[in-house]
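Undergrad:
In the numbering used here, the protein residues as written are 17 to 180.
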């Protein structure tokens, strides 16, 4: 917000231009010698996520789509959209992943992220954090790591949001 206020101190006359290109699900753009595939996907972050895949580089730009969101002051991951989102992303032959708030991740790092998210999601069936943690310990024969604990809490929060 501060950056926008600094860059555009007088927004009274600011108007967004209408888009030149609109697409429904997928759009392939040829930038001359570089093909980019844009696809709208399901997302745990927003209802209108678009990813960009560059096939010859095996790079995928995810933006914020793989993050959670906040509803009624509760940070949560939309549990019902997690597996469809991962499936949408993993269908691409990507080796490098660019997320909105991370350094570039390789395939191994993304697989660990997906594994931690899915392991956390799998054990959350109610609004009870204690039950979810106990279920995680029982299923995985270990305590959740810090990431998994964060994700478990976020999925518990999603259960709370869904129950309201």
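Where is the CB? At the ideal position from N, CA and C, for every residue including glycine.
#1: Span of the alpha helix (DSSP H) holding residue 109?
#2: According to DSSP, simplified to helix, strand and coil, what is residue 55?
#3: Under 9 Å between the Cβ atoms of residue 76 and residue 50?
#4: With 16 other CB atoms within 10 Å as the buried threshold, where does residue 94 fall?
#5: For the candidate residues 180, 177 and 100, whose alpha-carbon lies nearest to that of residue 56?
#6: Going by DSSP, what residue range makes up the beta strand (DSSP E) through residue 129?
#7: Is residue 45 helix, strand or coil when you go by DSSP?
#8: Helix, strand or coil for residue 39? Go by DSSP, reduced to three states.
TA: Here's the rundown:
#1: Element bounds for residue 109: n/a, residue is neither H nor E.
#2: In this structure, residue 55 counts as strand in the three-state DSSP scheme.
#3: no
#4: buried
#5: Taking the Cα of residue 56 as reference, the smallest distance to any Cα among 180, 177 and 100 is reached at 100.
#6: Taken as a continuous stretch (DSSP letters only), residue 129 belongs to no beta strand (DSSP E), being part of the alpha helix (DSSP H) at 123 to 139.
#7: strand
#8: coil
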